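Let me begin by presenting the structure, written as structure tokens, before commenting on it.
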Amino acid sequence: MGHGDDAGWDLYAARPLTDGGLRVSKLSSVPQETRVRWLNSMDAVSHGAQDRWLLVERSHRIFTSEVQNLREEPSITGPRVARRVNDVVGATFDWLGSMRMYVDQLAHMIGNNNPELLGEFRRKCSEQYDSRFGYRFCWRLRNYAQHLSIPIHTVAYGSGGWSIFVSPQVLLERYDGWSTLRDEMAAMDGDIDVVQQVNEAMYGLTEIARWRTIEQAPSLRTALQDAEALRDHFRREYDMHFPVYARCDPPVVGSMMSLTPINLWEIDTVRERLADLDPM
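Each residue of the sequence shown is one higher than the one before, starting from 1 at the first, in the numbering used here.
Here's what the structure looks like:
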């Protein structure tokens, strides 16, 4: 339910004062029906902009950067290699957490807001799990790492340069939560390239995120029209002001629970996400 659906929520224009206070004005020139529609539309845009996928992308960028730092080392016996390896391990752990967080929180969100879509979401996740060893491995490695950290058994030259490897036999001996991966891992001759598997899992997650954006696109495009109308109105009529919403009229200035800013920059974030769906 958007804020405008609940009687009492309304839009205001706030302007900072030199004494640290705020001057708050009601958008009296805009019909209430329009204000409610704008507020509900910005609510939808905000949810679209704050998708947890952004955190997954951020974690993977850090992971990629740390891997690149390791691969720029001229020798595996160099003085900085141990630190570089630890940085890669830490970034791997963070990314594994963001992977699980994204899937779990998105399932919870869809289940609450659109339960009839939950089955399709789970099928999309199952498709990636079933078709990509990297996705399956990282999903289970996250559980392993949570209890036993990430044991790096080898640092060697992989397909893209220096990489970190783990022994499937050691993983199987230390942990029994590998489920159907146990037979796959037991049949492996060599060690597992962690960097390669993370990148493959990230590709699978990207497919899930793309499905989510496509599913949201029609409603987000509609919401963007009203959100941009709100932004245009403020640019024309309220120079040096920013939009806020509040539940009381007039709002109690100075109360942290009274005024909540509306982040207009989220409009551009959603625009960029939708633009990524368009073919080049």
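Just so you know, even glycine gets a beta-carbon here, dropped at the ideal spot from N, CA and C.
Predicted, not measured: the structure shown is a model, and the values here were computed from it.
- Out of curiosity, what's the CA-to-CA distance linking Arg123 and Ala49? 24 Å
- Residues in its own chain within less than 6 Å of Trp38 by CB, not counting five upstream and five downstream? Asp226, Leu230
- Query: Along the chain, where does the beta strand (DSSP E) that runs through Pro16 open and close?
  - Reply: 10-16
- What are the complete alpha helix (DSSP H) segments, minimum 4 residues, inside the segment 171-202? 181-186
- Query: Within 10 angstroms of its Cβ, does Val170 collect 16 or more other Cβ (buried), or is it exposed?
  - Reply: exposed
- Message: Using the Cβ count rule (16 or more neighbours within 10 Å means buried), how would you classify His60?
- Response: buried
- Item | Extent of the continuous alpha helix (DSSP H) run through Ile267 | 265-275
- Task: Report yes or no: do three or more beta-carbon pairs, one from the segment 17-28 and one from the segment 210-224, lie closer than 8 Å?
- Result: no
- What are the boundary residues of the alpha helix (DSSP H) that includes Thr154? Taken as a continuous stretch (DSSP letters only), Thr154 belongs to no alpha helix (DSSP H), being part of the beta strand (DSSP E) at 154-158.
- Task: Excluding the 5 residues preceding and the 5 following Tyr238 in the sequence, name in chain order all residues of the same chain whose CB lies nearer than 8 Å to its CB.
- Result: Ala13, Arg15, Ser25
- Message: My assumption, with CB atoms under 8 Å, is that Gly190 sits in contact with Gln128. Please give the rounded CB distance.
- Response: Between Gln128 and Gly190 the Cβ distance is about 24 Å, and since that is not below 8 Å, they are no contact.
- Task: List the whole-angstrom C-beta distance separating Phe165 from His153, where the pair is believed to meet the contact cut-off of C-beta under 8 Å.
- Result: 6 Å
- Query: Which same chain residues, not among the five before or five after Ile214, have their C-beta less than 7 Å away from its C-beta?
  - Reply: Leu277
- Message: If contacts are defined as beta-carbon pairs under 8 Å, then Ile192 and Phe137 qualify, I think. What distance do you get, rounded to the angstrom?
- Response: 7 Å
- Query: Beta carbon of Gly281, beta carbon of Tyr144: below 8 Å?
  - Reply: What is shown of the chain runs 1 to 280, which leaves residue 281 out entirely.
- Query: Where does Trp139 land, buried or exposed, given buried means 16+ other C-beta within 10 angstroms?
  - Reply: buried
- Roughly how many angstroms lie between the CA atoms of Met99 and Leu181, to the nearest whole one? 18 Å
- Item | Identity of the residue in Pro79, Asp94, Met185 nearest Glu66 by Cα | Asp94
- For Thr77, which residues does DSSP report across the bridge? Paired residue(s): none; Thr77 is not in a bridge.
- Tyr245, enclosing alpha helix (DSSP H) - first and last residue: Premise fails: Tyr245 lies in the beta strand (DSSP E), 242-246, not in any alpha helix (DSSP H).
- Report the option in Tyr245, Ala156, Val270, Ile150 whose CA atom is closest to the CA atom of Ser258. Tyr245
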